[in-house]
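Each remark here refers to the structure printed beneath this line.
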Amino acid sequence: MELQTYRYHGHSMSDPGVSYRTREEIQEVRSKSDPIMLLKDRMVNSNLASVEELKEIDVEVKKEIEDAAQFATADPEPPLQELGYRIYSSDPPFEVRGANQWIKFKSVS
């Protein structure tokens, strides 16, 4: 599946996006060509899901995102020497661009 989308926000915190997009432009794009909204409409119109089911999914996803954000904020940062460890759930059967989890990184501090 390939969908085109629209950048609703700036590229970074220093580029909030309000200077080059009007509120009206953003609302128009959201109402006419937002791929998520279009997919939801197609699912409802094709009887693949009800509006209520999609709302339940939205609530579950928002809760999952909030829980993950709280966990990420509360979890202590790992030591620098563990930066490259456990990138994969299990070791790949090959080296990825020469990456080796057993190589110790030099401290940058």
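Quick note: the sequence shown, position 104, residue 104 per UniProt numbering, numbers continuous. Note that the Cβ used here is the ideal one computed from N, Cα and C, for glycine as well.
- Contact check for T5 against P35 passes: the beta carbons are separated by less than 7 Å.
- One alpha carbon belongs to R30, the other to R7, and they sit about 11 Å apart.
- Separation of S46 and L39 (C-alpha to C-alpha, rounded to the nearest whole angstrom) is 10 Å.
- The beta carbons of S50 and V44 sit about 7 Å from each other, so the pair counts as a contact at 8 Å.
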